[in-house]
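Residue numbers (the UniProt record's numbering), protein chains in the order written: chain A, 1 to 335; chain B, 1 to 335. Even for Gly, the Cβ is constructed at its ideal location relative to N, Cα and C. A quick note: this is a predicted structure, and the numbers were derived from the prediction, not measured.
Number of protein chains: 2
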Amino acid sequence: MYGAGDVRVEQLPDPAIELPTDAVVRVVRACVCGSDLHPYHSMPASEQGTPMGHEFVGVVEEVGSDVVKVKPGDLVIAPFAYFDGTCEFCREGLTTSCLHGGFFSTAQAEAVRVPQADGTLVVAPVGEDSALLPSLLTLSDVLITGYHAAVMGQVSAGSSVTVIGDGAVGLLAVLSAKRLGAEQIILMGRHRARTDLGREFGATDVVAERADEGIARVLELTGGRGTHAVLECVGHRPAYDQAVGTVRAGGVISRVGVPQYEEAPIGFGSLFGRNVRLAGGPGAQRAHIEELLPDVLEGRIEPGRVFDRTVALDDTPAGYTAMDERTALKVLVRP
Amino acid sequence: MYGAGDVRVEQLPDPAIELPTDAVVRVVRACVCGSDLHPYHSMPASEQGTPMGHEFVGVVEEVGSDVVKVKPGDLVIAPFAYFDGTCEFCREGLTTSCLHGGFFSTAQAEAVRVPQADGTLVVAPVGEDSALLPSLLTLSDVLITGYHAAVMGQVSAGSSVTVIGDGAVGLLAVLSAKRLGAEQIILMGRHRARTDLGREFGATDVVAERADEGIARVLELTGGRGTHAVLECVGHRPAYDQAVGTVRAGGVISRVGVPQYEEAPIGFGSLFGRNVRLAGGPGAQRAHIEELLPDVLEGRIEPGRVFDRTVALDDTPAGYTAMDERTALKVLVRP
Numbered sequence: 001m002y003g004a005g006d007v008r009v010e011q012l013p014d015p016a017i018e019l020p021t022d023a024v025v026r027v028v029r030a031c032v033c034g035s036d037l038h039p040y041h042s043m044p045a046s047e048q049g050t051p052m053g054h055e056f057v058g059v060v061e062e063v064g065s066d067v068v069k070v071k072p073g074d075l076v077i078a079p080f081a082y083f084d085g086t087c088e089f090c091r092e093g094l095t096t097s098c099l100h101g102g103f104f105s106t107a108q109a110e111a112v113r114v115p116q117a118d119g120t121l122v123v124a125p126v127g128e129d130s131a132l133l134p135s136l137l138t139l140s141d142v143l144i145t146g147y148h149a150a151v152m153g154q155v156s157a158g159s160s161v162t163v164i165g166d167g168a169v170g171l172l173a174v175l176s177a178k179r180l181g182a183e184q185i186i187l188m189g190r191h192r193a194r195t196d197l198g199r200e201f202g203a204t205d206v207v208a209e210r211a212d213e214g215i216a217r218v219l220e221l222t223g224g225r226g227t228h229a230v231l232e233c234v235g236h237r238p239a240y241d242q243a244v245g246t247v248r249a250g251g252v253i254s255r256v257g258v259p260q261y262e263e264a265p266i267g268f269g270s271l272f273g274r275n276v277r278l279a280g281g282p283g284a285q286r287a288h289i290e291e292l293l294p295d296v297l298e299g300r301i302e303p304g305r306v307f308d309r310t311v312a313l314d315d316t317p318a319g320y321t322a323m324d325e326r327t328a329l330k331v332l333v334r335p
Numbered sequence: 001m002y003g004a005g006d007v008r009v010e011q012l013p014d015p016a017i018e019l020p021t022d023a024v025v026r027v028v029r030a031c032v033c034g035s036d037l038h039p040y041h042s043m044p045a046s047e048q049g050t051p052m053g054h055e056f057v058g059v060v061e062e063v064g065s066d067v068v069k070v071k072p073g074d075l076v077i078a079p080f081a082y083f084d085g086t087c088e089f090c091r092e093g094l095t096t097s098c099l100h101g102g103f104f105s106t107a108q109a110e111a112v113r114v115p116q117a118d119g120t121l122v123v124a125p126v127g128e129d130s131a132l133l134p135s136l137l138t139l140s141d142v143l144i145t146g147y148h149a150a151v152m153g154q155v156s157a158g159s160s161v162t163v164i165g166d167g168a169v170g171l172l173a174v175l176s177a178k179r180l181g182a183e184q185i186i187l188m189g190r191h192r193a194r195t196d197l198g199r200e201f202g203a204t205d206v207v208a209e210r211a212d213e214g215i216a217r218v219l220e221l222t223g224g225r226g227t228h229a230v231l232e233c234v235g236h237r238p239a240y241d242q243a244v245g246t247v248r249a250g251g252v253i254s255r256v257g258v259p260q261y262e263e264a265p266i267g268f269g270s271l272f273g274r275n276v277r278l279a280g281g282p283g284a285q286r287a288h289i290e291e292l293l294p295d296v297l298e299g300r301i302e303p304g305r306v307f308d309r310t311v312a313l314d315d316t317p318a319g320y321t322a323m324d325e326r327t328a329l330k331v332l333v334r335p
């Protein structure tokens, strides 16, 4: 990406092992993320482009001398962050705060160098022609992000939940809330094809209105109380304000949309007076991938349904355009 | 209070039963709260004064016809909020969000009308000459507020905790964190007499520095990580900023100081990027009083040590002055 709206596909040197803990993975499927649209809208133009992409499944081509858990030929899922799996944060499950970790940013490509390969890569027992690849790819980001929203929102049997945003993360937050036993799931979104998929994933109600009108509708649907959890899957400030308006006293606002704002109301009138909690953040927790993988492999969930377009690597710029213009929900990239 | 710095003691008509769920309680001990200092600093002058006070223990004088759980002669503790104890929020333990509740505001007085007496009042099996009265009075606000901070901060065995503020709530947050098993308790405060009491309550470290210097000290004491929980017991914006700087990735900032600000940073750089959670709010949970009461009655904790001055009701204005000038930590009012 050379600036807002300017995505180019270029030939670069192949990645290679640099450290003994590295692996090189040939990308089988990658995709474009909703969060990639933020720089697509706002990145200043530059001479030197920025590599893009942080979601991929692929086949291990080569491993460094310290790597023991994955081997060449394995089909692997890479979460959007890498981590060693052994530091104090990883041991507590907060792999996105790994002391030796970082975020991928070169996955819309033919191959990726994966640092901390043993901690990061999760082997999936399928071939590279598997029909499950799109669903497995959601374990790289969108599904585990939606699941992180639901877990941090403490969704459990009988919960009432509002999901803000009908993008791929929002729809998979619906699926996640359903999987955790939520009773009422209100999806706030206004794109009919998307909210229809949301209903299939488990939404019990859809609210197309936004801002105060949307808040009023959610309150109507909840006896004036709001919901125990609000999963904010957008990242813009109006979505946060909707969350504050729709959360129940004592409830949790769980954010996984990357905030495009820094300051927001958290005082007596917004959070404090009603003991509302705020949670969330980057959600690439390895434990969530391992927990959800059997559901994907055994077909109990089909998160890959969020992909509604596939492009070749050379057509990645068209993928950005389609997501930006909302003619595609989520674009799969096939190198 | 007739405006900032203007506290007067006046004769008013005695409170009386107005609803069948009311009780009238003769106040045996009341006190001045750190939160009373906020209007003491900023209340616009008015012709018509505002009654003050929300913490008291007293003796029931009269009850309405629906009251069955307390009777005349009972010595009772009144949490700073009243609640029916039966609505959906009370049943979940969030008594401060009771559908028929509210906050006391007339307790610096000889007697108080208590709405929802059955839900609100907790009987203490002591006489009105008991030496335990100061400690019992802390169950009205400061102790249960400090305890709420620790509970919402998810403090448990082995936790590391930073407590911001060496006022009475902060010191009792230290005591609460200790009671819940915290291993490291760093008290941020610079009033030696207070932090000494904090050490007796369980603080393992005291940091007198503030702002960036204070944050640097806490990070030094925690191997650069910060603490699992930060209990923010002040309510001013710099205290929030200190909390953001001292909390560990994946940790919780739990606020019980009434926020004197509305907007504050919650974006990628402050909370989101490190999955830091924000919790807290008004803490008059009846369940906490019932949980802590035996510890007070049996002398396992002595929270009443935060009272370091006693005034007669007529001298309440001097109590405000002493707390404002920090010559007293917390002032007991004895009608």
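List the endpoints of the continuous alpha helix (DSSP H) containing residue i.
i, result
"Gln-184/A", "Gln-184/A -> not in any alpha helix (DSSP H); beta strand (DSSP E) instead, spanning 184-188."
"Arg-91/A", "88-91"
"Arg-205/B", "Residue identity check: residue 205/B is Asp in the sequence provided, not Arg. No alpha helix (DSSP H) holds Asp-205/B; the beta strand (DSSP E) holding it covers 205-207."
"Thr-162/A", "Careful: Thr-162/A lies outside any alpha helix (DSSP H), inside the beta strand (DSSP E) at 160-164."
"Ala-12/A", "The sequence shown places Leu at residue 12/A, rather than the Ala named in the question. Neither: Leu-12/A is in no alpha helix (DSSP H) and is coded neither H nor E."
"Phe-201/A", "192-201"
Given a cut-off of 7 Å, decide if residue j and residue i are closer than it, judged by their beta-carbon atoms.
i, j, result
"Val-155/A", "Val-163/A", "no"
"Gly-235/A", "Ser-254/A", "no"
"Ala-328/A", "Arg-305/A", "no"
"Gly-250/B", "Leu-94/A", "yes"
"Ile-77/A", "Ser-140/A", "yes"
"Asp-118/B", "Val-57/B", "no"
"Pro-20/A", "Ser-65/A", "yes"
"Val-25/A", "Leu-75/A", "no"
"Thr-120/A", "Ala-284/A", "no"
"Ser-35/B", "Ala-4/B", "no"
"Ala-264/A", "Ile-266/B", "yes"
"Gly-214/A", "Val-207/A", "yes"
"Thr-246/B", "Gly-226/B", "yes"
"Val-70/A", "Val-60/A", "yes"
"Cys-98/A", "Phe-83/A", "yes"
Counting only Cβ pairs nearer than 7 Å, list the residues of chain A close to residue i.
i, result
"Ala-279/B", "Arg-277"
"residue 337/B", "The structure shown does not extend to residue 337/B, since chain B is modelled only from 1 through 335, so no value can be given for it."
Going by Cα to Cα distance, which pick from the options is closest to residue i?
i, options, result
"Cys-87/B", "Phe-80/B, His-100/B, Ala-284/B and Val-142/B", "His-100/B"
"Met-188/A", "Val-60/A, Ala-322/A and Gln-242/A", "Gln-242/A"
"Gly-319/A", "Asp-205/A, Gly-53/A and Thr-21/A", "Gly-53/A"
"Gly-257/B", "Gly-64/B, Arg-194/B and Leu-143/B", "Leu-143/B"
"Ala-150/A", "His-228/A, Gly-102/A and Val-28/A", "His-228/A"
"Gln-184/A", "Ser-176/A, Phe-272/A and Ala-287/A", "Ser-176/A"
"Ala-107/A", "Cys-98/A, Asp-6/A, Val-207/A and Leu-12/A", "Leu-12/A"
"Gly-167/B", "Leu-231/B, Arg-179/B, Val-218/B and Glu-213/B", "Leu-231/B"
"Arg-300/A", "Gly-85/A, Val-24/A and Lys-178/A", "Lys-178/A"
"Arg-210/A", "Asp-196/A, Arg-190/A, Glu-61/A and Gly-198/A", "Arg-190/A"
"Phe-89/B", "Ala-322/A, Arg-274/A and Glu-128/A", "Arg-274/A"
"residue 368/B", "Thr-204/B, Phe-83/B, Pro-134/B and Ile-186/B", "There is simply no residue 368/B to check, as chain B begins at 1 and stops at 335 in what is shown."
"Ala-131/B", "Glu-262/B, Glu-325/B, Phe-307/B and Ala-81/B", "Phe-307/B"
"Ala-182/A", "Asp-315/A, Leu-171/A and Gly-202/A", "Gly-202/A"
"Glu-10/A", "Glu-18/A, Ala-16/A and Thr-50/A", "Thr-50/A"
For residue i, return the contacting residues in chain B, with the cut-off set at a CB-CB distance below 7 Å.
i, result
"Ala-249/A", "Phe-89, Leu-94 and Ser-97"
Note the first and the last residue of the continuous beta strand (DSSP E) segment covering residue i.
i, result
"Ala-117/A", "It is not in any beta strand (DSSP E) - Ala-117/A instead sits in the alpha helix (DSSP H) that spans 117-120."
"Leu-313/A", "Counting along the chain, Leu-313/A falls outside any beta strand (DSSP E), and DSSP gives it neither H nor E."
"Ala-249/A", "247-255"
"Arg-305/A", "Arg-305/A -> no beta strand (DSSP E), and no H or E assigned at all."
"Ile-144/A", "Segment 142-152 is the alpha helix (DSSP H) holding Ile-144/A; no beta strand (DSSP E) there."
"Ala-264/A", "263-265"
"Ala-227/A", "At residue 227/A the sequence reads Thr, which differs from the Ala that was named. Segment 227-232, the beta strand (DSSP E) holding Thr-227/A."
"Ile-289/A", "Element bounds for Ile-289/A: not the beta strand (DSSP E) but the alpha helix (DSSP H), 286-297."
"Ile-17/B", "No beta strand (DSSP E) contains Ile-17/B, which DSSP labels as neither H nor E."
"Ile-77/A", "75-78"
At a CB-CB cut-off below 8 Å, which residues of chain B make contact with residue i?
i, result
"Ser-270/A", "Glu-262"
Chain-ordered residues of the region 91-124 of chain B with a beta carbon less than 9 Å from chain A: Glu-92, Gly-93, Leu-94, Thr-96 and Ser-97
Check each residue of the region 294-314 of chain A: if its Cβ is closer than 8 Å to any Cβ of chain B, include it; give the result in chain order. none
Beta carbons nearer than 7 Å to chain B: which residues of the region 249-268 of chain A have them? Ala-249, Gly-250, Arg-255, Val-258, Pro-259, Tyr-261, Glu-262, Glu-263, Ala-264, Pro-265, Ile-266, Gly-267 and Phe-268
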